[in-house]
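Accompanying notes for the structure given below.
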Amino acid sequence: MNDVSNENRASSETSTGQAMKRMAIGIALLVVLTVLLYLAAPDSFYPWAKAIHVIAVISWMAGMLYLPRLFVYHVDAERGSVQSETFKVMERRLLRGIINPAMTATWVFGLWLAWKGFGFQGGWLHAKIALVLILSGLHGYLAGAVRKFAEDKNEKPARHWRIVNEIPTLLMIVIVILVIVKPF
Ligand code: HEM
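Using the working numbering, you'd call the opening residue of the sequence shown number 1211 and step up by one each time.
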């Protein structure tokens, strides 16, 4: 069983290195694309920034909804089993390859839109930022859980992760209503 987990660990370290490389290339491409778009049409950059913001939001939310679902299944996998080691690789890749960069892009473009379009004014915007801070705190909590699962130290039952799974959904619904309806 130890051989299996050592082999899995070695191959997951290599693939984590590749995932980091792909992520760095992705971020570099996004930065170049953003600069080019801004230089080509500085006056119509706002809708482009909003488009990139929404793409980043979708990617972040997809990861935030999938990660606790992986934990629900991971809890039931025997420690040291091939299945458990595979979950560790999936969780680490999802966090580092998608969730972390998507959250960064959401914040960078969201704050720029808030400054450029609204001068950081508006009750809906303040409420939205407060809820996104809570979402970011949950992100930190899930990142900590990925580390605990990687060290086989998770003590929380599947029910806990099922409940945690609902939090990003609820936050997302309220955040989207706030930004589109702008009720106050
Ligand atoms: C990180 C902090 C965030 C800030 C500061 C921020 C701020 C903004 C601003 C100022 C706009 C432009 C609104 C307009 O032009 O009418 C916007 C658009 C949008 N944001 Fe965010 N946002 C953030 C995170 C999020 C998150 C987490 C979500 C979803 C879960 C989200 C969903 C959206 C959507 C769907 C739009 C497009 C709305 C439209 O076109 O009417 N944002 N955001």
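Using N, Cα and C, we set each Cβ at its ideal position, and we do this for glycine too.
- Inter-residue distance for residue 1232 and residue 1307 is about 8 Å (C-alpha atoms, whole angstroms).
- Our two residues, residue 1298 and residue 1356, have alpha carbons roughly 8 Å apart in a direct line.
- Taking a C-beta distance under 8 Å as the contact criterion, residue 1263 and residue 1316 qualify as a contact pair.
- Residue 1314 has its CB no nearer than 7 Å to any heavy atom of ligand 1.
- Secondary structure remark: continuous beta strand (DSSP E) runs of at least 3 residues inside the region 1289-1366: none found.
- Under the three-state reduction of DSSP, residue 1260 is assigned to helix.
- Around residue 1234, the same chain offers no residue with a beta carbon nearer than 6 Å, after the five sequence neighbours per side are excluded.
- Counting the other Cβ atoms within 10 Å of the Cβ of residue 1368 gives fewer than 16, which makes it exposed.
- Spatial neighbours of residue 1280 in its own chain (CB-CB distance under 8 Å, excluding positions within 5 residues in sequence) are listed in chain order as 1297, 1300, 1301 and 1304.
- With three or more CB-CB distances shorter than 8 Å, the region 1334-1347 counts as touching the region 1382-1390.
- Residue 1392 sits in coil when the DSSP states are folded into three classes, being neither helix nor strand.
- Excluding its 5 nearest sequence neighbours in each direction, residue 1259 has C-beta neighbours in its own chain below 7 Å: 1319, 1322 and 1323, listed in chain order.
- For the options 1326, 1309 and 1379, the alpha carbon positioned closest to that of residue 1273 is the one of 1309.
- With contacts defined as CB atoms closer than 8 Å, residue 1325 and residue 1388 fail to qualify as a contacting pair.
- Of the candidates 1359, 1343 and 1377, the residue whose Cα lies closest to the Cα of residue 1290 is 1359.
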